[in-house]
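In UniProt numbering, the protein residues as written are 1 to 335. These notes concern the structure reproduced below.
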């Protein structure tokens, strides 16, 4: 599938992290816990697990509980995240087969079997990892030492980037339109996963070209200033998934591309994909001025969760030939 995938130190380190299990856990609800954390806007899997239990499995109620609980906790202002504090576990591009720094699958849930198993044992047993092997795993590459795939788009017409900056925090204030891009992304980052995926599926159905430039699953070190010395200290390591996509766009009356970015807490990649697609569409179409037609086929398709998930997640697969052809057509008229 990915011709340039190779065995490397990053892949070995990612496998070692996946092989670590939490003692006493009988049912693995880690993905759902990560989704709840992302929708609540905080990272505490133990709290998410407790909220899910207290809500009897009602995810919307669990998210509401987590948001209320988080609002009652003391807040500390973190330091800006530095690129060298972002360790990359998984990196994919469906735009180019070979990218600077290479691609690696890491922990790829999309390659697991989709057949329901009635066996008590896991369908794919994890190999035992010796304690010394876990200690001696090589360090993961960082964002500071890994270039971004979007830099390969030199010479291609791109939709103008909106003015950026620090956005407002939706957890501490009520945000009302019009919003800056940063504030809009802050609100969407806590959006309900199914709704985000459905919106992005509607967007995909109206585009000529949609390509995932880069997907990275990362571990981000969070720092706060020490109360005595003021020196930034690491207080937590949080998993984050980032995605950058491009969509076809009209740029100054000529064919071009609009870039989009999305990030989410945890490793639920369809969330980050959906956010990036929404961001790109709002750049390409001028705040989505072209209305989404709610015809019967569109409504039915958007409400089928399994179908919309697959439609969005297929962007992770290689699209090297089709993207190269589109780039050739777009760049044909550039100077």
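The beta carbon of each residue, even a glycine, is placed where N, CA and C say it ideally should be. This structure is a prediction, so every number in the text was calculated from the model and none was measured.
Considering only the beta carbon of each residue, do residue 239 and residue 79 sit closer than 8 Å? Not closer than 8 Å, so no.
According to the Cβ coordinates, are residue 258 and residue 247 closer than 8 Å? Remark: C-beta atoms of residue 258 and residue 247 approach each other more closely than 8 Å.
Buried or exposed: which applies to residue 261, given that a residue is buried once 16 or more other Cβ atoms fall within 10 Å of its Cβ? Burial call: buried.
Starting from residue 202, trace the alpha helix (DSSP H) both ways and give me its first and last residue. 193-204 is the extent of the alpha helix (DSSP H) around residue 202.
For residue 214 and residue 93, believed in contact at Cβ under 8 Å, the rounded distance: Separation of the CB atoms of residue 93 and residue 214 is rounded to 5 Å, and the pair is thereby assigned contact status at 8 Å.
Cβ-based burial, residue 169 [other Cβ within 10 Å; buried from 16]: Under this definition residue 169 is an exposed residue.
Quick check: what's the CA-CA separation for residue 217 versus residue 174? Going by the C-alpha atoms only, they are around 30 Å apart.
Using 8 Å for Cβ pairs, my map puts residue 66 next to residue 47. What's the rounded Cβ distance? Residue 66 to residue 47, Cβ: 6 Å. Contact.
If you run the structure through DSSP and keep just helix, strand and coil, what is residue 263? Assignment of residue 263 by DSSP, reduced to helix, strand and coil, places it in the strand class.
Would residue 235 be called buried (16 or more neighbouring beta carbons within 10 Å of its own) or exposed? Exposed, because fewer than 16 other Cβ atoms sit within 10 Å of the Cβ of residue 235.
Which residues does DSSP list as the beta-bridge partners of residue 233? Residue 233 is bridged to 224.
Kindly list the residues whose CB is nearer than 6 Å to the CB of residue 326, restricted to its own chain and excluding five residues on each side of it in sequence; keep chain order. 209.
For the beta strand (DSSP E) containing residue 87, name the first residue and the last one. For residue 87, the enclosing beta strand (DSSP E) stretches over residues 86-92.
Rounded to whole angstroms, what is the Cα-Cα separation between residue 148 and residue 51? It is roughly 37 Å from the alpha-carbon of residue 148 to the alpha-carbon of residue 51.
Out of 192, 69, 276 and 64, which has the shortest C-alpha to C-alpha gap to residue 182? Checked all of 192, 69, 276 and 64; the closest Cα to residue 182 is 276.
Excluding five sequence neighbours on each side, which residues of the same chain lie with their C-beta closer than 7 Å to the C-beta of residue 43? In the same chain as residue 43, and ignoring 5 residues on each side of it, the C-beta atoms closer than 7 Å to its own belong to 37, 238 and 265, in chain order.
On the DSSP bridge list, what partners appear for residue 100? The partner list for residue 100 (beta bridge, DSSP) is empty, contrary to what the question assumes.
Quick check: what's the CA-CA separation for residue 58 versus residue 64? In this structure, the straight-line span from the alpha carbon of residue 58 to that of residue 64 is close to 10 Å.
Tell me the rounded alpha-carbon separation between residue 54 and residue 62. Residue 54 and residue 62 have their C-alpha atoms spaced approximately 8 Å apart.
DSSP three-state assignment for residue 321, whether helix, strand or coil: Looking at residue 321 - three-state DSSP - the assignment turns out to be helix.
Output yes or no for whether 8 Å exceeds the beta carbon distance between residue 304 and residue 221. Taking 8 Å as the Cβ cut-off, residue 304 and residue 221 do not qualify as a contacting pair.
Once the 5 residues before and after residue 144 are set aside, which same chain residues still bring their CB inside 7 Å of it? Within its own chain, the residues whose Cβ lies closer than 7 Å to the Cβ of residue 144, once the five positions on either side in sequence are excluded, are 83 and 84, listed in chain order.
Backbone CA spacing between residue 141 and residue 87 [nearest angstrom]: For residue 141 and residue 87, the distance between alpha carbons rounds to 6 Å.
Confirm, please, whether the CB-CB distance from residue 201 to residue 312 is below 8 Å. Contact flag set, yes.
By the DSSP assignment, the alpha helix (DSSP H) with residue 150 in it spans what residues? In the DSSP assignment, residue 150 falls outside any alpha helix (DSSP H), carrying neither H nor E.
So for residue 163, helix, strand or coil by DSSP? If DSSP states are grouped into helix, strand and coil, residue 163 belongs with coil.
Based on Cα-Cα distance, which residue from 194, 253, 223 and 227 lies nearest to residue 60? Taking only the C-alpha atoms, the option nearest residue 60 is 194.
Excluding the 5 residues preceding and the 5 following residue 280 in the sequence, name in chain order all residues of the same chain whose CB lies nearer than 7 Å to its CB. For residue 280, where only same-chain residues beyond five positions count, the Cβ hits under 7 Å are 245, 246, 247, 258, 259 and 260.
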